[in-house]
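Residue numbers (numbering that gives the first Met the number 0), protein chains in the order written: chain A, 0 to 103; chain B, 0 to 282. All C-beta atoms in this analysis are idealised placements derived from N, C-alpha and C, irrespective of residue type, glycine included. Please read all numbers here as calculations on a predicted model, not as lab measurements.
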Amino acid sequence: MNPLILVAVFIVTSVVGYFIIKNVPSLLHTPLMSGMNALSGITLLGAIVVVGITLFAVEGNHMLLGQIFGGIAVIAASVNVVGGFGVTHRMLKMFDKKKKQSKS
Amino acid sequence: MSETLYYIICIILSVAVLSGISLMSKVKTAVAGNLLSAVSVLLGIVITLLYKELFSGWTIYIFMLLGILIGSTFAYRVKMIEMPQLVALLNGVGGLASALVGVLSLIGIGVVINEYPIFVNVTSVLAIVVGLITLSGSLVAAGKLHKILPQKPVVWKKHSTIVTGFIIILISTIIYSAFTSNTLIVLAISVVFSSLFGYAFAIRVGGADMPITISLLNSLSGVAGAIAGMAVNDLMLVSIGGIVGASGLFLTQIMCKAMNRSLSDILLGKTSVEKKSPKEVVA
Chain A
0 MNPLILVAVF
10 IVTSVVGYFI
20 IKNVPSLLHT
30 PLMSGMNALS
40 GITLLGAIVV
50 VGITLFAVEG
60 NHMLLGQIFG
70 GIAVIAASVN
80 VVGGFGVTHR
90 MLKMFDKKKK
100 QSKS
Chain B
0 MSETLYYIIC
10 IILSVAVLSG
20 ISLMSKVKTA
30 VAGNLLSAVS
40 VLLGIVITLL
50 YKELFSGWTI
60 YIFMLLGILI
70 GSTFAYRVKM
80 IEMPQLVALL
90 NGVGGLASAL
100 VGVLSLIGIG
110 VVINEYPIFV
120 NVTSVLAIVV
130 GLITLSGSLV
140 AAGKLHKILP
150 QKPVVWKKHS
160 TIVTGFIIIL
170 ISTIIYSAFT
180 SNTLIVLAIS
190 VVFSSLFGYA
200 FAIRVGGADM
210 PITISLLNSL
220 SGVAGAIAGM
230 AVNDLMLVSI
240 GGIVGASGLF
250 LTQIMCKAMN
260 RSLSDILLGK
270 TSVEKKSPKE
280 VVA
């Protein structure tokens with residue numbers, strides 16, 4: 000794909016992303032941050048592509064290097080994604096409980 | 000899978016992530032937003048495997064399973080009070096992943112060779128730099144919140160000069176990478192100086208202001224992902240990374256406003272709330 004298209008996509012999504020949230024209640028700052036942190040583990044996509052390509056198309060030392068470093072990248076990114084969404088879910092559930100207690 | 004279909008799915012998933020983030024910014028819909036984002040990441044993985052025809056790459060599943068096990072253990076075992084440092088740690092790990100993707104594409108392993116080597120070189124180095132700044136900065140942040148490192152802002156003599164020096168070195172390395180084929184030197188310099196920069200940048204921030212720093216680093220790791228996506232030519236990664244990077248930056252500004260602080264003051268270590276413990280500010 001042409002680099003210019005990629006750069007253009009990056010710019011467009013950045014502009015859109017910048018205006019997507021407006022007023023966030025301060026209660027939600029930490030969960031939102033944590034959720035976005037999980038989303039930033041999306042780099043997992045790049046890591047799995049690297050691991051997959053080295054597994055099929057590369058041989059010898061380079062394949063080993065690709066598997067080791069790419070594998071660490073896949074592990075790291077999936078820790079980020081799974082841990083991030085899990086933590087966010089836990090935080091949000093905690094808010095639910097707090098609200099129910101204060102209402103009752 | 001045809002290319003057109005892939006592009007359409009990319010757009011749909013980007014919209015899903017956007018709506019996930021916007022749902023997460025309201026109390027009532029926050030849980031749904033989180034689930035929507037998680038599902039779109041999962042779909043993104045499946046679609047990427049299908050589109051790049053890597054569905055039979057068995058090592059991918061082993062590595063992912065390991066990561067899922069470690070990640071879920073962290074997420075469900077950690078005490079509530081230790082959440083902020085866990086988020087910082089997870090964020091750093093994500094930065095590490097982007098940096099590793101950058102390293103591999105810089106030395107030309109696992110990348111489909113394309114006709115724009117300069118673009119690949121520059122974006123790889125950028126991914127390494129931004130990813131490692133995220134990693135070392137987040138580790139410092141997690142250390143400060145966990146009280147391993149001193150809570151007070153550590154300001155060295157001539158701190159600003161040192162930081163500016165690092166920035167100049169890093170920028171010139173990135174420019175140099177466009178003109179050289181000696182990737183190992185570029186790799187070494189970018190690894191060393193971006194780690195040092197992340198450390199120098201985060202050590203100056205006080206413990207109470209750490210949530211804002213983490214939010215900023217979080218935005219950076221989104222950007223790192225997007226740049227790594229440029230290096231390995233992955234459209235979906237570029238678009239979602241861009242969204243996370245920008246909305247993370249905006250969230251940082253919102254948090255600064257809520258705490259009535261300016262971002263530059265925080266980054267320069269001018270703390271006014273150092274007597275509070277970080278937990279009070281986060282909770």
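**Item:** Helix, strand or coil at residue 271 of chain B according to DSSP, with G and I counted as helix
**Value:** Residue 271 of chain B sits at position 272 when you count from the first residue of the second sequence. The predicted model places residue 271 of chain B with a pLDDT of 49, which falls under 50 and marks its position as unreliable, so this point remains unresolved.
**Asked** Where does residue 279 of chain B sit, in a helix, a strand or coil, going by DSSP?
**Response** Within the second sequence, residue 279 of chain B is the residue found at index 280, counting from 1. Only weak support exists for where residue 279 of chain B lies, its pLDDT of 45 falling under 50; the coordinates are left without a value.
**Request:** Go ahead and label residue 274 of chain B buried or exposed: buried means 16 or more other beta carbons lie within 10 angstroms of its beta carbon, across all protein chains shown.
**Result:** Taking the first residue of the second sequence as 1, we reach residue 274 of chain B at position 275. No answer about residue 274 of chain B holds up, because its pLDDT of 43 lies below 50 and its placement is not dependable.
**Request:** Take every Cβ of the region 66-76 of chain A, pair it with every Cβ of the region 86-104 of chain B, and state whether three or more of those distances are shorter than 8 Å.
**Result:** Segments in contact, yes.
**Request:** Report the residue from B:37, B:131, B:232 whose alpha carbon sits nearest the alpha carbon of residue 200 of chain B.
**Result:** The residue you call residue 200 of chain B lines up with position 201 of the second sequence. Among B:37, B:131, B:232, the Cα nearest to that of residue 200 of chain B is on B:131.
**Asked** Where does the unbroken alpha helix (DSSP H) through residue 251 of chain B begin, and where does it stop?
**Response** In the second sequence, residue 251 of chain B corresponds to position 252, counting from 1. Note, residue 251 of chain B: alpha helix (DSSP H), 234-257.
**Item:** Neighbour flag for residue 123 of chain B against chain A, beta carbons, 8 Å
**Value:** For this step, residue 123 of chain B is matched to residue 124 along the second sequence. Among the CB atoms of chain A, none fall inside 8 Å of the CB of residue 123 of chain B.
**Asked** For residue 143 of chain B, does the count of other Cβ atoms within 10 angstroms reach 16, so buried, or fall short, so exposed?
**Response** Residue 143 of chain B sits at position 144 when you count from the first residue of the second sequence. The residue in question, residue 143 of chain B, is buried, as its Cβ has 16 or more Cβ neighbours within 10 Å.
**Prompt:** Closest to residue 288 of chain B by CA distance: which of A:47, A:36, A:29 is it?
**Reply:** Any question about residue 288 of chain B goes unanswered here, given that chain B covers just 0 to 282.
**Message:** Suppose contacts are defined by Cβ-Cβ distances below 8 Å. Is residue 50 of chain A in contact with residue 70 of chain B by that definition?
**Reply:** Here the question's residue 50 of chain A lines up with position 51 in the first sequence. Here the question's residue 70 of chain B lines up with position 71 in the second sequence. One thing to note: residue 50 of chain A has its Cβ no nearer than 8 Å to the Cβ of residue 70 of chain B.
**Request:** Output, in chain order, the set of chain A residues within a Cβ distance shorter than 8 Å of residue 228 of chain B.
**Result:** Sequence index remark: in the second sequence, residue 228 of chain B carries index 229 (1-based). Within 8 Å Cβ-Cβ: 5, 42, 44, 45.
**Where residue 76 of chain B sits in the DSSP three-state scheme** = In the second sequence, counting from the first residue as 1, residue 76 of chain B sits at position 77. Residue 76 of chain B: helix per DSSP, three-state reduction.
**Asked** Is residue 33 of chain B buried or exposed, if buried means 16 or more other CB atoms sit within 10 Å of its CB?
**Response** If you number the second sequence from 1, residue 33 of chain B lands on position 34. With 16 or more other Cβ atoms from the protein chains shown falling within 10 Å of its own Cβ, residue 33 of chain B counts as buried.
**Item:** Partners in chain A for residue 143 of chain B, counting only beta-carbon separations shorter than 9 Å
**Value:** As a working mapping, residue 143 of chain B is identified with position 144 in the second sequence. Within chain A, no residue comes near residue 143 of chain B; the closest Cβ sits about 16 Å away, beyond 9 Å.
**Asked** So, residue 35 of chain A versus residue 13 of chain B, is the Cβ gap smaller than 8 Å?
**Response** The residue given as residue 35 of chain A occupies position 36 in the first sequence. The residue given as residue 13 of chain B occupies position 14 in the second sequence. For residue 35 of chain A and residue 13 of chain B, no; Cβs fall outside 8 Å.
**Collapsed DSSP secondary structure at residue 145 of chain B in the structure displayed** = Looking up residue 145 of chain B in the second sequence gives position 146. Looking at residue 145 of chain B - three-state DSSP - the assignment turns out to be coil, as it is neither helix nor strand.
**Prompt:** What residue does the alpha helix (DSSP H) around residue 81 of chain B start on, and which one ends it?
**Reply:** Working through the second sequence from its first residue, we reach residue 81 of chain B at position 82. For residue 81 of chain B, no alpha helix (DSSP H) segment is defined, and its DSSP state is neither H nor E.
**Request:** Compute the Euclidean distance between the alpha carbons of residue 13 of chain A and residue 2 of chain A, then round it to the nearest angstrom.
**Result:** Here residue 13 of chain A refers to the residue found at position 14 of the first sequence. Here residue 2 of chain A refers to the residue found at position 3 of the first sequence. If I take the Cα positions, the gap works out to 16 Å.
**Item:** Assumed close pair residue 73 of chain A, residue 43 of chain A - CB separation to whole angstroms, cut-off 8 Å
**Value:** Mapped onto the first sequence, residue 73 of chain A falls at position 74. Mapped onto the first sequence, residue 43 of chain A falls at position 44. 7 Å between Cβ atoms; contact.
**Prompt:** So is residue 23 of chain B buried or exposed if we call it buried at 16+ other beta carbons inside 10 Å?
**Reply:** Position 24 of the second sequence, counted from the first residue, corresponds to residue 23 of chain B. Buried, since its Cβ has 16 or more Cβ neighbours within 10 Å.
**Message:** Using a Cβ-Cβ cutoff of 9 Å, what residues of the region 58-81 of chain B are near chain A? List them in chain order.
**Reply:** So the list reads 58, 59, 61, 62, 63, 64, 65, 66, 67, 68, 69, 70, 71, 72, 73, 74, 75, 77, 79, given in the order they occur along the chain.
**Asked** So residue 222 of chain B and residue 266 of chain B are in contact, right, with Cβ under 8 Å, and what is the actual spacing, rounded?
**Response** Reading the second sequence from its first residue, position 223 is the one you call residue 222 of chain B. Reading the second sequence from its first residue, position 267 is the one you call residue 266 of chain B. About 17 Å separates the two Cβ atoms, so there is no contact after all.
**Selected residue, minimal CA-CA separation from residue 150 of chain B, among B:193, B:157, B:139** = Translated into positions along the second sequence, residue 150 of chain B becomes position 151. Comparing C-alpha distances from residue 150 of chain B to each of B:193, B:157, B:139 shows the shortest one belongs to B:139.
**Request:** Measuring alpha carbon to alpha carbon, tell me which of B:202, B:128, B:235 ends up nearest residue 191 of chain B.
**Result:** The count along the second sequence starts at 1 and reaches residue 191 of chain B at position 192. Residue B:128 is the option with its Cα nearest to residue 191 of chain B.
**Request:** Kindly indicate which three-state DSSP category residue 203 of chain B falls into: helix, strand or coil?
**Result:** For the purposes of this step, residue 203 of chain B is taken as the residue at position 204 of the second sequence. In the three-state scheme derived from DSSP, where H, G and I count as helix and E and B as strand, residue 203 of chain B is classed as coil.
**Asked** What does residue 36 of chain B touch in chain A if you count any residue whose Cβ is under 8 Å from its own?
**Response** Taking the first residue of the second sequence as 1, we reach residue 36 of chain B at position 37. Under the 8 Å cutoff, chain A gives 34, 37, 38, 84.
**Asked** Enumerated in chain order, which unbroken segments of the alpha helix (DSSP H) with a length of 4 residues or greater are wholly contained in the region 137-200 of chain B?
**Response** Listed in chain order, the alpha helix (DSSP H) elements of length 4 or more contained wholly in the region 137-200 of chain B are 158-176.
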